[in-house]
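Trainee: Taken in order, these protein sequences are the chains called A and B. Sequential numbering from 111 applies to the first sequence in our numbering. Sequential numbering from 612 applies to the second sequence in our numbering. Quick reminder that beta carbons are idealized off the backbone N, C-alpha and C, glycines included.
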Amino acid sequence: AATAPGKKITARLKRTLPVRGPQAPTVSELMRWYCLNTNTHGCRRIVVSRGRLRRLLWILLTLSAVGLILWQCAELLMNYYSASVSVTVQFQKLPFPAVTICNINPYKYSAMKEYLSELDKETKKALETFYGFSEGKPKVRRSVDDWNSTGSDFFQQIPLLKVEEFSRTATDLYSGQKRKIEGSVFHKDSSIVNSGDSSDIIGFQLCDANNSSDCALYTFSSGVNAIQEWYRLHYMNIMAQIPLETKEKLSYSAEDLLLTCFFDGLSCDKRHFTRFHHPLHGNCYTFNSGENGTILSTSTGGSEYGLQVVLYIDEAEYNPFLVTSSGAKIIVHDQDEYPFIEDIGTEIETAAATSIGMHFTQSCKLSKPYSDCTETGADIPVENIYNKSYSLQICLHSCFQKAMVDSCGCAQYAQPLPAGAEYCNYKKNPNWMYCYYRLHEKFVKEQLGCQQICKDACSFKEWALTTSIAQWPSVASEDWMLRVLSWDKGQKLNKKLNKTDLANLMVFYKDLNERFISENPANTLVILLSNFGGQLGLWMSCSVVCVIEIVEVFFIDSLSIVLRHQWQRAKKWWHGRQRGKEPRASEPQRQGHDNPVCIDEDLPTFTTALRLPLPQDSPLPRTPPPNYSTLRLDTAFTEQLPDTLELGQH
Amino acid sequence: MKLKKYLVRALHRLQKGPGYTYKELLVWYCDNTNTHGPKRIIKEGPKKKLMWFFLTLLFASLVFWQWGILINTYLSYNVTSSLSIGFKTMKFPAVTVCNANPFKYSEVKPLLRELDRLIEAALERILQPTPGNGSQDVSPPLDLELWNQIPLVLIDEHDKDNPIILDIFETNQTAVGNDTAMDSTASGSKLAAVCPQCSHQGSENCTYRNFSSAAQAVTEWYILQSTSILSKVPLHERIRMGYQAEDMILACLYGAEPCNYKNFTQIYHPDHGNCYIFNWGMDEEALNSSNPGAEFGLKLILDISQQDYIPYLSSAAGARLMLHQQKSFPFLKDQGIYAMAGTETSIGVVVDELERMGYPYSDCTVNGSDVPVRNLYSQYNTSYSIQACLRSCFQNHMVEICGCGHYMFPLPEGVNYCNNEDNPGWAYCYSSLRSSIKQRQICIDSCKETCNDTQYKMTISMADWPSEASEDWIFHILSYERDMSTNVTLDRNGIIKLNIYFQEYNYRTISESAATTIVWLLSSLGGQFGFWMGGSVLCLIEFGEIIIDSLWITIIHVISWCKGLRQRRARRLAALPTVSELVEAHTNLGFQPEPTGAVPRARALPPEPGTPPPNYDSLRVQPPAALGPDSDAD
């Protein structure tokens, strides 16, 4: 009695929401049903076609179509992250870039005398010892007064050496004693070293201060390079000890450097320039640095509308050992960019007018996953020690500086200081030179990992420069030009300027076309899906619906059929065991369409449509059903035309 | 007869319409459509039916949404660019060669004599401010007429608030009262050279142009004055005063073929005087170059005779040259480069082309005909370029506002160049126009760039030429050839060698193509529809058909409803609803959807005897005869 309501409920549930498995009793039936009813082409052909050959052919064709689809879709997926490039040229008012101008010589030689006299003395002595060169009569420069004082011990630590290649002995500059070279020999420019006949090579030896046996000898094929490199090392040592304010005073002021300035048809002066102290180039001046918030722009191309400056180079103040060329260096860069003047600067000749025509290009790359670049540099694990926007150069320099601080304990002079570090000098870090050279060697050989960590920036602005030079001032105008410029320079300077002390520079836009190169994703999800659809449709006339069908038929239905078979077998086996040996004529296995489970809801018949009770199985005679054909209601149109009738019967 | 029968049949069919009910129609549609979802809705069990119904809806909305995206993408007219680099036989660029100095000083000296004396005296005063130097007493009195139009003054800014203006030739000092553009550029202790310009209404309305450097001020002043003087000289006279081709072009070699100054086309350029263009392509075919390298390029030797330079006009000495397209005007101030005297300049050329699609992909013009600016450079028979447009725009404004044309640009018809006598206020007008940002913006907005943009990228390198060893004989031969004299008439300061040649890769072409074409759009739309629902255009037509059919059904329903209303009014007798009404659809032979389903008709009517079936026809609500003619009349 208790079970009766429960049964009722389940029976009702079964009736209203029948849970039925697949209609086909076996997998092969299911396949046949699928093939006949699916929307994809090809499958139906397999079932319908007659003859083994034909069927085989259709199977092959269908399978190859499926293969093609899979291959093409994989291809589409792999090419999903590709970019297309578009170049747009826009003619518009352009922002004028920042122009940084430096004198090649960083500091006034006369002002540096107190710091450098020792070093210069050493250098001159070396020149005399090795090459027999002595400054006969100083032309412009002042001679170093006292020549006989002994050098300080710093210079003795890293002396210049004359190396005899074959005997591997080195002659010291001071003692003249020969000593055996230990450790490794580094050739700074190795291609010339093995030329054989160069018996004496100049170089210097750097030793680890803690472990004097660990030495590295740096040799140069030419004394010019050796002396310059050696001089630079000591020079950096000395400069590292001078505070920034003093250095700024030692260098050129804006009035010193700029004689005249003209921008966009209007006069400008030193207030339009921002000072920027570069460790190797001293005071540099940036025009249009955007410091006061306004960025100048040009609305007309051409040389008259750009920046025109006359620079005073003052060759008499050049340091003879540090810089051997004269002129100025300029770099055109964006306001946010750090000017790497020593790396990518353009040199300006004296006694000439240099006209630099610019062409502006802006590029924009897509970042991940399209290409490996960085938008802001925030995802690079290297701290930006320059307070400018990220660039590859900044990253590399920062990375090296960081490695330098980590392994040598002090910072290299040519790059900005990281927080909490100070520049290397002998007094505090006697070992730094050796450390620096070792590290630099590693850096160049990409062993520090900097090149791997640093990525290029995704967007960058570029000014392509066309540089040409004309003689300036011309022979005819030289006289008055120099006189007036001398007057401009001020009455206190009571001498006429020399034309080799002057450089004329014009920086202008050749045209106001901005070329904007940008990458766009070649594919969006929508396009990818349409391409999928195109492929599926082309080969098999398939759609997502077909895919769902396939999932349904091949996975869910066949699985359930297999499970059902297993279940029935298990049940049979269980029954057999329960009944023991009692053989019982089992009901004939209901198969196929006899299986009541599989009575599918056929297309609605008359009875089902009307929800009439199912006809009783009893063979009792009864009233034959009325001829409903005659029951036709009158529609708006009485006459049924014969052709539509025929159609209906099909 | 046959035709009439056919027509009647057609009429009947039209009248009849689809004959379904809405539900019938939908079921029929779902069953027979080619789109993949709907069939499932009717074929599956109740739960699956629901699932498929929502799936189909979801897919349909996905399709429409993505179609929207695709059409939007198409309408944004994106372009993709393709880049090609290589070497091919190309037209050698037109080469324009000018001297940096426009006229021979020996020729223009008579015209500029007064001006030169004036500036010399002024410089004398500036440089030695202490009076009493008796040097100028010897020279004849200066003509101060030129000076008084645009004088140079000094501004003494020792006192910041009260600067003193010092006219160089007069001793009276005037405090600045009414200067309009006075911005104290110079530092307090320095003297600034200023050149004021007054409009012709009177001296009250004055603008001072400040210069921080005297050199700059003197140059600008001189240019203004000489422009005014030279603009009065007729063109042929100006051409005569400039450098002649045979004097300037000493040697020419193109590839292996010799050429001479006759191969150059003369053009008068206001900035640089006589310019000579090689391979301009105006009269003859442009030359092709099919080999890279200096051997196959153009080699030129020029003489710029630096001694004959106008000292105050051009301070830079050298040749000005420019590479440009055939039949285009050379804008040397923008795109020109210098070549230095006493050097050999080698220029490797890469042609950088940009081909654009034009409207609606990008805003550019093919030949400038749709630009609202009169192109004044068309009088040279040259093609449109953005530089020509900007300059024409400026000149048109200048003519409009100042009443005369600027000397540096070509003249529109019926207008003269500005000079100090006829237009005393022109300098003021010109400089205010030139510095007007509004005017520039108007010009930038109205000019469009060309769709095919060709630039010549140059790699410039220089070497000293002639070398010390070869100097003597080279000068000797060149002097002999030019002047037929055995004396050397040339020197290092005047001679220039130029090599212009194609590099190994001589072109870099960026061409645009539409990223989205109509074919792309259709295939993407088809792809989307096919991907989600397996549909095609035919499916859309099917759908349209169904909509028309349902409209028909509505019409028929309305008609029959109206009719029913009329009849009901006629006969208040309400007929009982019959079974046949309910099963109408299934019994209507015309719309039996599945004849194989249900019970076959033959079996449904067993042949066994029984009660004769009721004559349901008698149940008809109205006699058929009453309706027949009615419906036919519809």
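Taking C-beta pairs closer than 7 Å, name the residues in chain B that residue 583 (chain A) reaches, listed in chain order.
Mentor: Within the first sequence, the letter at position 473 stands for residue 583 (chain A). Those are 926, listed as they occur along chain B.
Trainee: Can you pull the chain A neighbours of residue 1051 (chain B), defined as C-beta to C-beta under 9 Å?
Mentor: Here residue 1051 (chain B) refers to the residue found at position 440 of the second sequence. Those within 9 Å of residue 1051 (chain B) in chain A are 203, 409, 410.
Trainee: Which residues in chain A have a C-beta closer than 8 Å to the C-beta of residue 1137 (chain B)? List them in chain order.
Mentor: The residue you call residue 1137 (chain B) lines up with position 526 of the second sequence. Result: 640, 643, 644, 647.
Trainee: Does DSSP put residue 116 (chain A) in a helix, in a strand, or in coil?
Mentor: For the purposes of this step, residue 116 (chain A) is taken as residue 6 along the first sequence, with counting starting at 1. For residue 116 (chain A), the three-state secondary structure derived from DSSP is helix.
Trainee: Does the count of Cβ pairs from the region 512-529 of chain A and the region 470-478 of chain A closer than 8 Å reach three?
Mentor: No: fewer than three Cβ pairs fall under 8 Å.
Trainee: Quick one: what's got a C-beta closer than 6 Å to residue 621 (chain A)'s C-beta in the same chain, skipping five residues either side?
Mentor: Taking the first residue of the first sequence as 1, we reach residue 621 (chain A) at position 511. Short of 6 Å from the beta carbon of residue 621 (chain A), and not among the five residues preceding or following it, lie these beta carbons of its own chain, in chain order: 411.
Trainee: Would you list the one or two residues that DSSP bridges to residue 377 (chain A)?
Mentor: The sequence position of residue 377 (chain A) within the first sequence is 267, counting from 1. The partner list for residue 377 (chain A) (beta bridge, DSSP) reads A:372.
Trainee: May I ask you to verify whether the region 451-466 of chain A touches the region 377-392 of chain A, counting CB pairs closer than 8 Å and requiring at least 3?
Mentor: yes
Trainee: Let me know the secondary structure DSSP gives residue 600 (chain A) once reduced to three states.
Mentor: Position 490 of the first sequence, counting from 1, holds the residue named residue 600 (chain A). The answer is coil: DSSP assigns residue 600 (chain A) none of H, G, I, E or B.
Trainee: For residue 617 (chain A), which residues of its own chain have a beta-carbon under 6 Å away from its beta-carbon, when the five flanking residues on both sides are left out?
Mentor: Taking the first sequence and counting its residues from 1, one reaches residue 617 (chain A) at position 507. Hits under 6 Å: 209, 416, 417, 466.
Trainee: Enumerate in chain order the residues of its own chain whose CB-to-CB distance from residue 953 (chain B) is below 6 Å, with the five nearest sequence positions on each side excluded.
Mentor: Working through the second sequence from its first residue, we reach residue 953 (chain B) at position 342. Result list for residue 953 (chain B): 1103, in chain order.
Trainee: Could you list which residues in chain B have their beta carbon closer than 7 Å to that of residue 375 (chain A), in chain order?
Mentor: If you number the first sequence from 1, residue 375 (chain A) lands on position 265. Correct list: 1045, 1046.
Trainee: Specify whether the region 166-183 of chain A and the region 673-683 of chain B touch according to this definition: at least 3 beta carbon pairs, one from each stretch, less than 8 Å apart.
Mentor: Look at the beta carbons and you see the region 166-183 of chain A not touching the region 673-683 of chain B: under three pairs across the two are nearer than 8 Å.
Trainee: The beta strand (DSSP E) that contains residue 931 (chain B), what's its start and end?
Mentor: The count along the second sequence starts at 1 and reaches residue 931 (chain B) at position 320. Residue 931 (chain B) -> beta strand (DSSP E) spans 930-935.
Trainee: The alpha helix (DSSP H) spanning residue 738 (chain B) covers which residue range?
Mentor: Residue mapping note: residue 738 (chain B) aligns to position 127 of the second sequence, counting from 1. That run of the alpha helix (DSSP H) goes 716-738.
Trainee: Just verifying my parser: in three-state terms, what is the DSSP assignment at residue 347 (chain A)?
Mentor: In the first sequence, the residue the question calls residue 347 (chain A) occupies position 237. The answer is helix: DSSP assigns residue 347 (chain A) an H, G or I state.
Trainee: Checking contacts by CB at 8 Å: is residue 317 (chain A) closer than that to chain B?
Mentor: In the first sequence, the residue the question calls residue 317 (chain A) occupies position 207. Not one chain B Cβ lies under 8 Å of residue 317 (chain A).
Trainee: Kindly say whether residue 1121 (chain B), judged by its beta-carbon, lies nearer than 8 Å to any beta-carbon of chain A.
Mentor: Residue 1121 (chain B) sits at position 510 when you count from the first residue of the second sequence. Yes, contact with chain A.
Trainee: Just how far apart, CA to CA, sit residue 948 (chain B) and residue 217 (chain A)?
Mentor: Against the second sequence, residue 948 (chain B) aligns to sequence position 337. Against the first sequence, residue 217 (chain A) aligns to sequence position 107. When rounded, the distance between both Cα atoms is 33 Å.
Trainee: Answer with yes or no whether the minimum CB distance from residue 1247 (chain B) to chain A is below 8 Å.
Mentor: Residue numbering for chain B in the displayed model covers 612 to 1245; residue 1247 (chain B) lies beyond these limits and cannot be assessed.
Trainee: DSSP on residue 894 (chain B), reduced to helix/strand/coil?
Mentor: Translated into the one-based positions of the second sequence, residue 894 (chain B) becomes position 283. Coil, per DSSP.
Trainee: Please determine if the region 1062-1074 of chain B and the region 878-897 of chain B are in contact, where contact requires at least 3 C-beta pairs separated by less than 8 Å.
Mentor: no
Trainee: Answer with buried or exposed for residue 970 (chain B), where buried requires no fewer than 16 other C-beta atoms within 10 angstroms of its C-beta.
Mentor: Here residue 970 (chain B) refers to the residue found at position 359 of the second sequence. Exposed, by the Cβ-count rule.
Trainee: If you follow the beta strand (DSSP E) that residue 581 (chain A) is in, where does it begin and where does it stop?
Mentor: The count along the first sequence starts at 1 and reaches residue 581 (chain A) at position 471. Start and end: 569-581.
Trainee: Hey, residue 1141 (chain B) and residue 644 (chain A): beta-carbon distance below 8 Å or not?
Mentor: Mapped onto the second sequence, residue 1141 (chain B) falls at position 530. Mapped onto the first sequence, residue 644 (chain A) falls at position 534. With contacts defined as CB atoms closer than 8 Å, residue 1141 (chain B) and residue 644 (chain A) qualify as a contacting pair.
Trainee: Give the residues of chain A in contact with residue 981 (chain B), contact being defined as C-beta atoms less than 7 Å apart.
Mentor: For the purposes of this step, residue 981 (chain B) is taken as the residue at position 370 of the second sequence. Annotation: residue 981 (chain B) has no Cβ neighbours in chain A at a cutoff of 7 Å; minimum Cβ distance is about 15 Å.
Trainee: Less than 8 Å between the beta carbons of residue 581 (chain A) and residue 933 (chain B), yes or no?
Mentor: Working through the first sequence from its first residue, we reach residue 581 (chain A) at position 471. Working through the second sequence from its first residue, we reach residue 933 (chain B) at position 322. Not in contact: residue 581 (chain A) and residue 933 (chain B) (Cβ atoms no closer than 8 Å).
Trainee: Let me see if you follow: with CB-CB separation under 8 Å, is residue 593 (chain A) close to chain B or not?
Mentor: On the first sequence, residue 593 (chain A) is found 483 positions in, with the first residue counted as 1. Yes, residue 593 (chain A) counts as interfacial toward chain B.
Trainee: Compute the beta-carbon to beta-carbon distance between residue 461 (chain A) and residue 609 (chain A), rounded to the nearest angstrom, for a pair I have assumed lies under 8 Å.
Mentor: As a first step, residue 461 (chain A) must be located in the first sequence, where it is residue number 351. As a first step, residue 609 (chain A) must be located in the first sequence, where it is residue number 499. Right, their Cβ atoms sit about 5 Å apart.
Trainee: Give the C-beta separation of residue 915 (chain B) and residue 928 (chain B) to the nearest angstrom, bearing in mind that I take them to be a contact with Cβ-Cβ under 8 Å.
Mentor: The residue labelled residue 915 (chain B) in the question sits at position 304 within the second sequence. The residue labelled residue 928 (chain B) in the question sits at position 317 within the second sequence. The pair is a contact, with the Cβ atoms about 7 Å apart (cut-off 8 Å).
Trainee: What's the C-alpha gap between residue 116 (chain A) and residue 143 (chain A)?
Mentor: Position 6 of the first sequence, counted from the first residue, corresponds to residue 116 (chain A). Position 33 of the first sequence, counted from the first residue, corresponds to residue 143 (chain A). Near 37 Å, if we compare the C-alpha coordinates of residue 143 (chain A) and residue 116 (chain A).
Trainee: Output the distance between the C-alpha atoms of residue 230 (chain A) and residue 270 (chain A), rounded to the nearest integer angstrom.
Mentor: To locate residue 230 (chain A), count along the first sequence from 1; it is residue 120. To locate residue 270 (chain A), count along the first sequence from 1; it is residue 160. The alpha-carbon separation between residue 230 (chain A) and residue 270 (chain A) amounts to approximately 14 Å.
Trainee: Which partner residues of residue 408 (chain A) appear in the DSSP bridge assignment?
Mentor: Numbered from its first residue, the first sequence carries residue 408 (chain A) at position 298. In the DSSP output, where bridge partners are listed per residue, residue 408 (chain A) has A:204.
Trainee: Tell me the rounded alpha-carbon separation between residue 682 (chain B) and residue 1157 (chain B).
Mentor: Stepping through the second sequence from its first residue, residue 682 (chain B) is reached at position 71. Stepping through the second sequence from its first residue, residue 1157 (chain B) is reached at position 546. Looking at the backbone, the Cα of residue 682 (chain B) and that of residue 1157 (chain B) are separated by about 26 Å.
Trainee: Apart from the five residues on each side of it in sequence, which residues of its chain come closer than 6 Å, Cβ to Cβ, to residue 1063 (chain B)?
Mentor: On the second sequence, residue 1063 (chain B) is found 452 positions in, with the first residue counted as 1. Once the five neighbours on either side are set aside, the close Cβ partners of residue 1063 (chain B) are 966.
Trainee: Let me know if residue 399 (chain A) comes out buried or exposed under the rule of 16 or more other beta-carbons within 10 Å of its beta-carbon.
Mentor: As a working note, residue 399 (chain A) is residue 289 in the first sequence. Residue 399 (chain A) should be labelled buried.
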